[in-house]
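Everything in the sequence shown is counted per the working numbering, starting at 29 for the first residue and increasing by one.
Beta carbons are placed, not taken as given, at the ideal position from N, Cα and C, and that holds for glycine.
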Amino acid sequence: MLPGGCKWIPFTVKGDDRGSLVAIEQARTVPFAIARVYYLFGTRPGIVRGCHAHRALSQVAVAVRGSCAMLLDDGRQRQTVRLADPAAGLLLPPMVWHEMREFSADCVLMVLADAAYDEADYVRDYDRFVELAR
Ligand code: TYD
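Now the structure itself:
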């Protein structure tokens with residue numbers, strides 16, 4: 029079991045002799061309606077991103093190319109997973125502190141989210157996060 033209800037979502041890969049295709053549908057492939065898609069790319073060596081939790085936002089992260097490590101922390105338990113498979117997404121429920129590092133030079137990390145960008149939804153202080161998580 030991953031911290032905070034995080035879980036892997038395996039995607040169905042449609043493949044034939046031309047290559048592979050993954051389709052992600054809201055409420056079917058991912059357990060929410062998709063309001064926003066963003067992706068990280070061109071990440072510089074040694075950089076750490078994320079370092080926050082969300083109060084209400086649910087997200088699914090997919091390394092559509094390359095790989096990165098993601099630390100997951102629910103305030104009690106922490107675990108690092110590696111995103112390296114374009115055929116699986118990582119569900120990140122609300123109130124999971126996450127940090128991404130060790131991006132490969134070619135990494136494209138796509139994130140599907142159930143709400144528009146809202147700075148008020150971010151918890152950026154780790155001690156505050158632990159207080160809120162308890
Ligand atoms: P930031 O939150 O620092 O990224 P990360 O948590 O991955 O390190 O976001 C970088 C910038 O992009 C910051 O100015 C906020 C902006 N941003 C948006 O405008 N919309 C979005 O959906 C996201 C995720 C970030």
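task = Mind checking who G33 pairs with in its DSSP beta bridge?
result = Paired residue(s): none; G33 is not in a bridge.
query = From A143 to T40, what distance separates their C-alpha atoms?
reply = 25 angstroms
ask   = What residues come near the ligand TYD, if near means a beta carbon less than 5 angstroms from any of its heavy atoms?
value = Y66, R77, G78, Y145
request  = Below 8 angstroms on the Cβ atoms is my guess for V151 versus R83; work out the distance and round it to an integer in Å.
outcome  = 6 angstroms
query = Around the C-beta of A91, are 16 or more other C-beta atoms found within 10 angstroms, so that it is buried, or is it exposed?
reply = buried
task = Rounded to whole angstroms, what's the CA-CA distance from H126 to R46? Just pull it up for me.
result = 36 angstroms
task = Would you decide whether M29 is buried or exposed? Buried here means 16 or more other CB atoms lie within 10 Å of its CB.
result = exposed
request  = Using DSSP bridges, identify the partner residues of E127.
outcome  = G78, L99
ask   = If you draw a straight line from the C-alpha of I75 to the C-alpha of E147, how long is it?
value = 21 angstroms
query = Taking C-beta to C-beta, are F69 and V139 nearer than 8 angstroms?
reply = no
query = Mind checking whether T108 and A97 have CB atoms under 8 angstroms apart?
reply = yes
request  = Assuming L100 and C34 form a contact by the criterion Cβ under 8 angstroms, report the distance between their Cβ atoms to the nearest whole angstrom.
outcome  = 5 angstroms
Assigned exposure category for G32 - 16 Cβ within 10 Å defines buried = buried
Between the CA atoms of I62 and F134 - distance to the nearest angstrom = The sequence as given places Asp at residue 134; Phe does not occur at that position. Each residue's Cα considered, the two are about 25 angstroms apart.
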